[in-house]
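In numbering that gives the first Met the number 0, the protein residues as written are 0 to 319. Just so you know, even glycine gets a beta-carbon here, dropped at the ideal spot from N, CA and C. Just so you know, these numbers come straight off a predicted model, no measurement behind them. A quick write-up on the structure given underneath.
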Amino acid sequence: MALSKRQWFVVLSAVSVTFSVVVFPLKVLSTLPNQAESGVQQMNILQAIVLGFVQGMTEFLPISSTAHLKVVPVAIGWGDPGVAFTAIIQLGSIAAVLWYFWGDLTRIFKGATKAIALRDYNDYDFRLFLGIILGTIPIVFFGLLIKNLIPDFDNSPIRSLGAIAIASIVMSLLLGLAEQLGKRQRDFENLTMRDGVLMGFAQALALIPGVSRSGSTLTGGLFMGLQRETAARFSFLLGIPAITLAGLVSLKDVVEAGLSSAAIVPIVAGVISAAIFSYLAIAGLLRFLKTQSTWVFIWYRLVFGVAILGAIGTGFLQNS
């Protein structure tokens, strides 16, 4: 009997996860990334623009910008651009999401402010605003917890290519299950504070490199019965505080550590590039999810993870 594409996905995912865990754990757990990764690496303007493109096109698609910003430059021989550069150019993505959702954000903020003044705590805009605030708490809490418990987290084995590949495969499986089991009945007007909290915990999973903030929140939203476009739209709004905080903290750290004048222009070019392509990615994904499923991203993540593991196994990529 022929298997459906969903059955093939489950079979291949199970095989891939088993293969990853059995064959690669020692490599993943024993390999430390290059210690220079925590800084901003030297690069030219063209490289920064290309990395801005990678950031912009992957930040809001459920495929992990962190994974691609590490894998793509390493695969083409540029080396890891550094955690700080990765976080700073996310400010371009924030500018794009603010630009795209400015009308929604001003309406929500004005509505929430008015509701607080009138003590109308059942107001939709107030509940949505509070849901975004409450949904941001988990990633901030666990982020601070990791920073205190694992001071050198950015240089830990969990940032290795092997670990990122395994995360990509596991998240493809979870998104596939969410696509299969999700009811997709609730639209944007039916969001609740509970949705914000639950999606906030899903967002916290993105602290693990390779998970994808957009991917984890979209997966969580589908499991909660949200329509695909609604889950993606709320994911973008929820990500504004988290991505902004990450970018500003990294920018502060880099400024305090000292930033050469030669590095400023490439960083600015990367931020602008990320802003432009992030805007295009947001608009494109929302339009796509109105009529299409997430299976293209599910398959992509599965193939992406397996390809990385294969490249490590054959020696094409170093598990760093």
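Other residues of its chain near G312: CB distance less than 7 Å, five sequence neighbours each side excluded: none
Residue(s) in a DSSP beta bridge with R185: L225
DSSP state of Q345 mapped onto helix, strand, coil: No statement about residue 345 is possible, as the shown extent of the chain runs from 0 to 319 and does not include it.
Rounded straight-line distance, which links the Cα of A162 to that of T216: 20 Å
Residues near I107 in its chain [Cβ-Cβ closer than 6 Å; skip 5 each side]: D124, L127 and F128
W101, enclosing alpha helix (DSSP H) - first and last residue: W101 to L117
Classification of P208 by the beta-carbon crowding that lies within 10 angstroms, buried from 16 upward: buried
Coarse secondary structure for M192, derived from DSSP in three states: helix
For V49, three-class secondary structure by DSSP: helix
Three or more C-beta pairs below 8 Å linking the stretch 274-294 and the stretch 222-234: yes
Cβ shell of F200 (< 8 Å), same chain only, five flanking positions each side left out: P137 and G219
C-alpha distance - L148 paired with I242, whole-angstrom precision: 21 Å
Nearest candidate by alpha-carbon position, reference I266, set G55, S63 and T85: T85
The stretch 262-278 / the stretch 76-94 touching (three or more Cβ pairs under 8 Å): yes
Delimiting residues of the alpha helix (DSSP H) encompassing I207: That residue, I207, is in no alpha helix (DSSP H); it is neither H nor E in DSSP.
S213 burial status per 10 Å Cβ neighbour count (16 or more: buried): buried
Beta-carbon proximity of G55 to S249, cut-off 8 Å: no
Backbone secondary structure at S155 - three-state DSSP: coil
For Y123, the first and last residue of its enclosing alpha helix (DSSP H): Y123 to L148
Three or more C-beta pairs below 8 Å linking the stretch 65-73 and the stretch 44-54: yes
Among M198, R183 and Q202, the one whose alpha carbon lies nearest that of Q291: R183
Inter-residue Cα distance where the pair is F306 and S319: One point to set straight first is that residue 306 is Ala, not Phe, in the sequence displayed. Their Cα atoms are separated by approximately 16 Å.
Residue burial classification, V270 (beta-carbon count within 10 angstroms, cutoff 16): buried
Cut-off 7 Å between Cβ atoms - residues of its own chain near R185, not counting five sequence neighbours on either side: G224, L225, Q226 and T229
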